[in-house]
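With the first letter of the sequence shown counted as 1, position 267 gets the number 267 in the UniProt record's numbering; the numbers rise by one all the way through. Cβ coordinates follow ideal geometry from the N, Cα and C atoms, glycine included. A quick write-up on the structure given underneath.
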Amino acid sequence: MIEKNVKIFGKGGRNMRKTYLDNIRWITVVLVVIYHVIYIFNGVTQHGIIGPFSKHQPQDTYQYIVYPWFMLLLFVVSGMSARYELIKRTEKEFISVRTRKYLVPSTIGLLVFGWILGYYNMLMSGAFNSMNNVPGPILFLIMAVSGSGPLWYIQMLWIFSLILVLIRRIEKDRFYNICGKANLLTLILLVIPVYGAAQILNTPIIVVYRFGIYGLGFMIGYFVLSHEVVMDRLGKNWLLLSILAIASCIAFVILYKGQPYPEHVVLDTIMCNVYAWFGTLGILAFMKKWGNFSNAFSKWMCRKSWGLYVFHYLMIAVSGWYLHTLCPFLAPVIVYLLVAIAAFAGSYILYEIMSRIPFIRWCVLGIKKEKKE
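Written out as structure tokens, the structure is:
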């Protein structure tokens, strides 16, 4: 999911590290983990959660602040990374690597390991109560499918990567070169197609598979924002775009707090998509200007962000479920703290273990060998 150590080639073949993109990824993954810690006890939606502590939970506001934009941002950054990756790899190598990193963990990995999360998801939803007569093999397959969790993201990335290769063979950088001329107004006005894309190619029931808006975000990242000159324009206007992002955030939270933010009744609204796009542009602009920092901590977080993303929801589900059933009288703040610790520490420990087991690391993490690619 998290393409790390993004580089492009500057004049004379010099490698130019895109450190700010690395930082956007790991910081966004941390925000996703915090989101899921709050989500599993939220009082806004009832899908796949343990349940709220009380009727009114101020902490649920965090979900409204991050949900509209954080996955769109990751798809945009992934589109940018795809462009940089295709500079150093052939299309065949590109698809081969992405099949191993994205498709294998989100399919084979579910059968090998993901079913465990599926088991806890079904426990929380009470699904086992109506499956007493379901044959064991069928029940296992249901658990495996139910255990995809956050891996829907890499499933979609794999599909978008295949589509991108087909588009490249047709457009041969003609459209890409035109997109490099995009100015600030053009970038802001992209909110119009973003809103339109949010209305189409959405799967029924499973709302997270929003192929329209996420596919467009990926392609905008590839064709538009991968141009250094375009990102320079964003960076120069970081203050304006940050203000737009904050203003749209405030407006969205005021208008929709208390409504089911992860459902289409909110997701398809103009305000939600305005915030999603302005939030994405604001963060890209801010990080382009101020996010090119690197230290021991940021490098470590970047290296471990893949494992954190893959394993965090399992650790949240397991710790949340047993705290709920075995320690129901714990104060909510203690529960949140313990679940957050389990999410971060548990994911890092599990990643260190899994990444050292040859076949398992290929199935679950898409890691072929213990060496840098």
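Given a cut-off of 8 Å, decide if V333 and G109 are closer than it, judged by their beta-carbon atoms.
-> no
Less than 8 Å between the CB atoms is what I'm expecting for residue 410 and G79, so what's the real figure, rounded?
-> The structure shown does not extend to residue 410, since the chain is modelled only from 1 to 373, so the question has no answer here.
If we call anything under 8 Å between Cβ atoms a contact, is S319 one with L338?
-> yes
N237: buried (16+ other C-beta within 10 angstroms of its C-beta) or exposed?
-> Buried: at least 16 other Cβ atoms inside 10 Å.
Three-state class that DSSP yields for N202 in the structure shown = strand
Would you tell me roughly how many angstroms separate the C-alpha atoms of M315 and R174, rounded to the nearest one?
-> 46 Å
Express the C-alpha separation of N133 and C272 in angstroms, rounding to a whole number.
-> 43 Å
Could you tell me which of A296, S248, F311 sits nearest to L281, measuring between CA atoms?
-> Checking every option, the nearest Cα to that of L281 belongs to S248.
So, Y20 versus V253, is the Cβ gap smaller than 8 Å?
-> no
Going by CA-CA distance only, name the one from P105, L164, V194, M124 that's closest to P68.
-> V194
Roughly how far, in whole angstroms, is the beta-carbon of M347 from the beta-carbon of F311, given that I think they are within contact range, below 8 Å?
-> Sequence check: residue 347 is Ser here, not Met. S347 to F311, Cβ: 4 Å. Contact.
So, L187 versus A82, is the Cβ gap smaller than 8 Å?
-> no
Residues of its chain near I49, where Cβ-Cβ distance is below 8 Å and the 5 sequence neighbours each way are ignored | Y39, I40, F41, N42, M124
With DSSP as the reference, please indicate the residues paired to R210 in a beta bridge.
-> N202
8 Å Cβ cutoff met for L103 and G149 = no
Look at the alpha carbon of G221 and the alpha carbon of A285, and state the distance between them as a whole number of angstroms.
-> Cα to Cα, G221 sits roughly 13 Å from A285.
Can you say whether T28 is buried or exposed, counting buried as having 16 or more other CB atoms within 10 angstroms of its CB?
-> buried
Where Q57 and Y84 are concerned, what is the direct C-alpha to C-alpha distance, given to the nearest angstrom?
-> 43 Å
Assigned secondary structure, R303 (DSSP; H/G/I helix, E/B strand, else coil) | In this structure, DSSP gives R303 a helical state, which the three-state scheme calls helix.
Return helix, strand or coil for I49, following the three-state DSSP convention.
-> Coil at I49, not helix or strand.
K288 to L330 span [Cα, whole Å] = Roughly 43 Å separates the two Cα atoms.
Less than 8 Å separating the beta-carbons of residue 443 and V191?
-> Here the chain has residues from 1 to 373 only, and residue 443 is not among them.
Look at F128 and M122 and say whether their C-beta atoms are less than 8 Å apart.
-> yes
Measure the Cβ-Cβ separation of L308 and V97 and say whether it is below 8 Å.
-> Not in contact: L308 and V97 (Cβ atoms no closer than 8 Å).
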